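Numbering (the UniProt record's numbering), first residue to last: 1 to 108.
By construction, the Cβ of each residue, glycine as well, lies at the ideal position given by its N, Cα and C atoms.
The model shown is predicted, which means the values in this text are computed figures rather than measured ones.
To start, the structure under review is shown below, and the notes come after it.
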């Protein structure tokens with residue numbers, strides 16, 4: 001997968017099983033993204049993509065990841081939005097000092 005955060009592009013592989021399902025669950029998927037970009041535990045983010053019907057879908061469960069694979073979308077882009085409200089500390093600054101940002105994830 002190709003991951004973009006701001007202007008930073010990274011690639012990583014996610015194994016797929018014999019049933020064409022990702023071998024990572026949603027927690028593992030988000031942990032991988034958190035690790036790639038060195039997000040601290042205090043940084044919360046939301047993953048969203050546009051499905052085959054053109055609806056904006058939030059990824060919150062393992063079934064959501066399986067659904068992405070089932071759809072076999074020609075163009076898949078997952079956006080990760082930093083949740084500034086829950087990532088902001090008492091002094092009004094986000095834990096990483098950043099403002100809202102977006103990350104795009106696409107198949108290779």
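- Taking only runs of the alpha helix (DSSP H) that begin and end inside the UniProt domain "PB1" (3-83), which ones reach a length of at least 4 residues, in chain order? 26-36 and 62-71
- Task: Would you decide whether residue 59 is buried or exposed? Buried here means 16 or more other CB atoms lie within 10 Å of its CB.
- Result: buried
- Task: Could you check which residue in 30, 66 and 70 has the C-alpha nearest to that of residue 79?
- Result: 30
- Cβ atoms of residue 39 and residue 83: under 8 Å apart, would you say? no
- Flag this pair as touching only if the region 13-23 and the region 49-57 have three or more C-beta atom pairs under 8 Å; answer yes or no. no
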